[in-house]
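Position one of the sequence shown corresponds to residue 2 (the numbering used here), numbered consecutively onward. Positions of the beta carbon are idealized from the N, C-alpha and C atoms, including for glycine. Keep in mind it's a predicted model, so treat the numbers as computed, not measured. Heads up, the thing below is written out as structure tokens.
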Amino acid sequence: MTDYITRFSLRQRVEHASVGLLFIVLATTGLIQEFFPMRWAGWMILEMGGIDRVRWIHRVAGIGLAFVVFSHVIVSVLQVVRGQSKPTMVPTRKDFDDVVIVTRYYLQLSDEQPRFDRYDFRQKLEYWGLIFGSLIMTVTGFMLYFPVLTTRFLPGEVIPAALIAHGREGLLAFLVIITWHFFNSHLSPEAFPIDTSIFTGKISRERMEKEHPLEYERVLASGEGKLEGPGPGESRGPG
2 MTDYITRFSL
12 RQRVEHASVG
22 LLFIVLATTG
32 LIQEFFPMRW
42 AGWMILEMGG
52 IDRVRWIHRV
62 AGIGLAFVVF
72 SHVIVSVLQV
82 VRGQSKPTMV
92 PTRKDFDDVV
102 IVTRYYLQLS
112 DEQPRFDRYD
122 FRQKLEYWGL
132 IFGSLIMTVT
142 GFMLYFPVLT
152 TRFLPGEVIP
162 AALIAHGREG
172 LLAFLVIITW
182 HFFNSHLSPE
192 AFPIDTSIFT
202 GKISRERMEK
212 EHPLEYERVL
222 ASGEGKLEGP
232 GPGESRGPG
């Protein structure tokens, strides 16, 4: 009988699912506007009801994503301040040391591998990329949605600058998700064909001991998070 450990709470799983679904909507409606001169983009715009409807969907999804991300930040900060959780996503000196250890390992200069805690440096980098990327997209999206109001306080040149920044940041986010997040979470040999932990909240004891040994030792010592019986399948963890 395999032991499973609860790694993610219901709130965390709902937040991840919400961000994922909203990102799909934003990427779809944003990219077809970015590449509207191309035949495939024009066809998709027509199939979705025209450019006005596409823009409306994009704005609603953008407001939704901003709400989810910034409410997550507020709740997380409050939990840390109240002592209900630890700032596990804040970069530490160990993360920089782990970068050196991993680099040396991949270059075959050392056999040593880092022992990760709840999140490794790659997951933290992706997390903060989402936070700051969402901030950029929210600010530039507001400028584009309210150009007259924006230019009452800022020079008119900020509008085309915001348009470029919004489009390029959106394209960058799409490429990062496709080439980095999906590979590390679902397509890497350790996780293929899918990582279920962020959907079920559970990870096998063996996998957690291998990939997050410091967190595993802490959970084992506290006696929390252990689940007996068959689980939904082994999973690797986010990012």
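Just checking my contact of residue i with residue j at CB under 8 Å: how many whole Å lie between their CB atoms?
i, j, result
"PHE97", "HIS213", "No, PHE97 and HIS213 are not in contact; Cβ-Cβ is about 19 Å, not under 8 Å."
"PHE37", "ILE46", "6 Å"
"ALA166", "ILE137", "7 Å"
"ALA67", "THR139", "5 Å"
"ALA62", "LEU23", "5 Å"
"ARG119", "GLU16", "In fact, because the Cβ distance is near 16 Å, the residues do not count as touching under 8 Å."
Might you give, ordered along the chain, the residues of its own chain that have their beta carbon closer than 6 Å to the beta carbon of residue i, omitting 5 neighbours on each side?
i, result
"VAL70", "SER135"
"PRO233", "Residue confidence is low: PRO233 scores 47 on pLDDT, short of 50, so the model does not pin down where it sits. Its coordinate-derived value is still stated next. Taken in chain order, the residues that qualify are THR197, THR201."
"ASP99", "PRO115, PHE122"
"GLY168", "GLU35"
Are there 16 or more other CB atoms within 10 angstroms of the CB of residue i, so buried, or fewer, so exposed?
i, result
"VAL78", "exposed"
"VAL1", "No answer is possible for residue 1: it lies beyond the span of the chain, which begins at 2 and ends at 240."
"VAL11", "Here residue 11 is Leu; the residue named in the question, Val, does not match the sequence. That one is exposed."
"ALA222", "exposed"
"PHE151", "Checking the sequence shown, residue 151 turns out to be Thr, not Phe. THR151 is buried by the Cβ-count criterion."
"VAL220", "buried"
"PRO231", "Low per-residue confidence applies at PRO231: pLDDT is 44, beneath 50, and the placement is therefore not dependable enough to give any value."
"VAL149", "exposed"
"MET209", "buried"
"ILE204", "buried"
"ARG206", "buried"
"TYR107", "exposed"
"LEU27", "buried"
"GLN124", "buried"
"GLU218", "exposed"
"ALA18", "exposed"
Could you give the first and the last residue of the continuous beta strand (DSSP E) run that contains residue i?
i, result
"TYR5", "5-7"
"SER203", "The amino acid at residue 203 is misidentified as Ser; the sequence shows Lys. First-last of the beta strand (DSSP E) with LYS203: 203-205."
Counting only the same chain and skipping the five closest in sequence on each side, list residues whose C-beta sits under 7 Å from that of residue i.
i, result
"GLY31", "HIS59, GLY171"
"GLY43", "PHE37"
"PHE9", "SER198, ILE199, GLY202"
"GLY147", "Going by the sequence as given, residue 147 is Phe instead of Gly. Excluding sequence neighbours, PHE147 sits near nothing in its chain."
"PHE175", "ALA28, LEU32"
Provide the residue span of the alpha helix (DSSP H) that contains residue i, from first to last.
i, result
"GLN114", "Where GLN114 is concerned, there is no enclosing alpha helix (DSSP H), given that its DSSP letter is neither H nor E."
"PHE147", "Looking at the DSSP string, PHE147 is not in any alpha helix (DSSP H), and its letter there is neither H nor E."
"GLU170", "159-177"
"LEU1", "The structure shown has nothing for residue 1, since the chain only spans 2 to 240."
Quick one: residues in its chain with C-beta nearer than 8 Å to the C-beta of residue i, no 5 flanking neighbours on either side, listed in chain order?
i, result
"LEU164", "THR141, LEU145"
"HIS187", "PHE193, PRO194, ILE195, ASP196"
"VAL81", "LYS87, PRO88"
"VAL55", "THR30, ILE33, GLN34, ILE46, MET49"
"VAL177", "GLU127, GLY130"
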